[in-house]
Amino acid sequence: MASPDILLIGATGLVGRGVVAAMDDRPLTILARRAVDGAPDGHTLVAPPERWADIIAAERPATLICCLGTTIRQAGSQAAFRAVDHDLVLAAARGTRLGGARQMIVVSSVGASAKSRNFYLRTKGEMEAGLRAIDFARLDILRPGLLTGTREGTPRLGEGIAMMAAPFTNALLHGTLRRYRSIPAATVARAIVRLAGQGESGVHVHENDAIRALS
Numbered sequence: 001m002a003s004p005d006i007l008l009i010g011a012t013g014l015v016g017r018g019v020v021a022a023m024d025d026r027p028l029t030i031l032a033r034r035a036v037d038g039a040p041d042g043h044t045l046v047a048p049p050e051r052w053a054d055i056i057a058a059e060r061p062a063t064l065i066c067c068l069g070t071t072i073r074q075a076g077s078q079a080a081f082r083a084v085d086h087d088l089v090l091a092a093a094r095g096t097r098l099g100g101a102r103q104m105i106v107v108s109s110v111g112a113s114a115k116s117r118n119f120y121l122r123t124k125g126e127m128e129a130g131l132r133a134i135d136f137a138r139l140d141i142l143r144p145g146l147l148t149g150t151r152e153g154t155p156r157l158g159e160g161i162a163m164m165a166a167p168f169t170n171a172l173l174h175g176t177l178r179r180y181r182s183i184p185a186a187t188v189a190r191a192i193v194r195l196a197g198q199g200e201s202g203v204h205v206h207e208n209d210a211i212r213a214l215s
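In terms of full-length UniProt numbering, the numbers along the sequence shown are unbroken and rise by one, the last being 215.
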């Protein structure tokens, strides 16, 4: 079987589902821990996360798209959150690089910094630093603000309020604060699809305006 051009992890989340939809007929392989609704026929690999690095290395994709992401509340603890948003992302990246991939695209967060006092943002920043050290020919880091869209399950009260307030909050964010504006998950997904396979090398960080321009 030919190696896939693009392999996606995190397909069940808000952005990941958008990537699957935006790919249209473009070849895509999905790696997940459970079956994914709407996934291309015959192109989904189901396995526990601890096997993902080895599977990705064996699949040898040209590009890895990583839309993995949880919250401390969903994960249940800071340690469990870090296990997904840092450890699993980096393990998958190492497997990807071992398989010879030249590009990785990852969804991070606006404000991500390894020096942040906020645990969530510090974890995201440390994840980004770890990916830079793996030395892909091209690394695309997307840093969206609040993601808007229809989430699976019952929305949390805080998320619902934030999404309802987003249009008003966005209107107050100008200049350098524009990057903190909310953004539809579908917009981020379309930007990711546009970036997949791009040839220019280096590390490319995309925040709100750049993500919108790509979509």
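Where is the CB? At the ideal position from N, CA and C, for every residue including glycine.
Which of the three DSSP states, helix, strand or coil, is assigned to residue i?
i, result
"histidine 86", "helix"
"methionine 104", "strand"
"valine 19", "helix"
"threonine 148", "strand"
"valine 193", "helix"
"glycine 95", "helix"
"residue 289", "Absent from the structure is residue 289, since the part of the chain shown begins at 1 and ends at 215."
"glutamate 59", "helix"
"glycine 175", "helix"
"glutamate 50", "helix"
"threonine 169", "helix"
"aspartate 24", "coil"
"aspartate 209", "helix"
Could you say which of the options lies nearest to residue i if we only look at CA atoms?
i, options, result
"glycine 18", "Thr150, Val205, Ala93 and Val89", "Thr150"
"alanine 80", "Arg102, Val107 and Phe119", "Phe119"
"alanine 53", "Leu98, Tyr180 and Ile30", "Leu98"
"glutamate 59", "Ile6, His86, Gly69 and Val89", "Ile6"
"proline 144", "Val46, Ala21 and Leu14", "Leu14"
"isoleucine 105", "Pro27, Ser113, Ala137 and His174", "Ala137"
"isoleucine 183", "Val107, Ile134 and His204", "Val107"
"leucine 195", "Thr123, Ala22 and Ala11", "Ala22"
"arginine 102", "Leu64, Pro27 and Tyr180", "Leu64"
"leucine 147", "Val110, Leu173, Ala133 and Arg73", "Val110"
"glutamate 50", "Ala83, Arg26 and Val36", "Ala83"
"tyrosine 180", "Lys124, Ala112 and Met127", "Ala112"
"aspartate 209", "Glu200, Thr187, Gly199 and Gly197", "Thr187"
"serine 201", "Arg34, Asp135, Ser116 and Arg178", "Asp135"
"cysteine 67", "Gly199, Ala185 and Arg212", "Ala185"
"alanine 62", "His204, Gly199, Ile211 and Val203", "Gly199"
"alanine 35", "Ala75, Thr176, Gln78 and Pro48", "Pro48"
"arginine 26", "Leu173, Arg73 and Gly197", "Gly197"
Using the DSSP secondary-structure output, state which residues sit across from residue i in a beta bridge.
i, result
"leucine 7", "Thr29 and Leu64"
"proline 184", "Thr148"
"residue 216", "As shown, the chain starts at 1 and ends at 215. That puts residue 216 outside it, with no answer to give."
Against chain E, with Cβ distances strictly below 9 Å, would residue i count as a contact?
i, result
"alanine 101", "Among the protein chains of the structure shown there is no chain E, as only one such chain exists."
With a CB to CB cut of under 8 Å and the five nearest residues on each side skipped, what residues in its chain are close to residue i?
i, result
"leucine 45", "Thr29, Ile30, Leu31, Ala32, Ile55 and Glu59"
"leucine 214", "Arg190, Ala191, Arg194, Leu195 and His206"
"leucine 131", "Val89, Leu90, Ala93, Met104, Val106, Leu139 and Ile141"
"arginine 178", "Asn208 and Asp209"
"lysine 115", "Arg122 and Gly125"
Can you list, in chain order, the residues of its chain whose CB lies under 7 Å from that of residue i, leaving out five sequence neighbours each side?
i, result
"alanine 57", "Gly95, Leu98 and Gly99"
"glycine 69", "Gly10, Gly13, Asp85 and Val107"
Flag residue i as yes when its Cβ comes closer than 8 Å to any non-hydrogen atom of the ligand PLP, and as no otherwise.
i, result
"valine 15", "Although the ligand PLP was asked about, the structure shown includes no ligands whatsoever."
Discussion item. To test your reading of the DSSP string, which unbroken alpha helix (DSSP H) runs of 4 or more residues are found completely within the segment 109 to 146?
Written reply: Runs of the alpha helix (DSSP H) inside the segment 109 to 146: 119 to 134.
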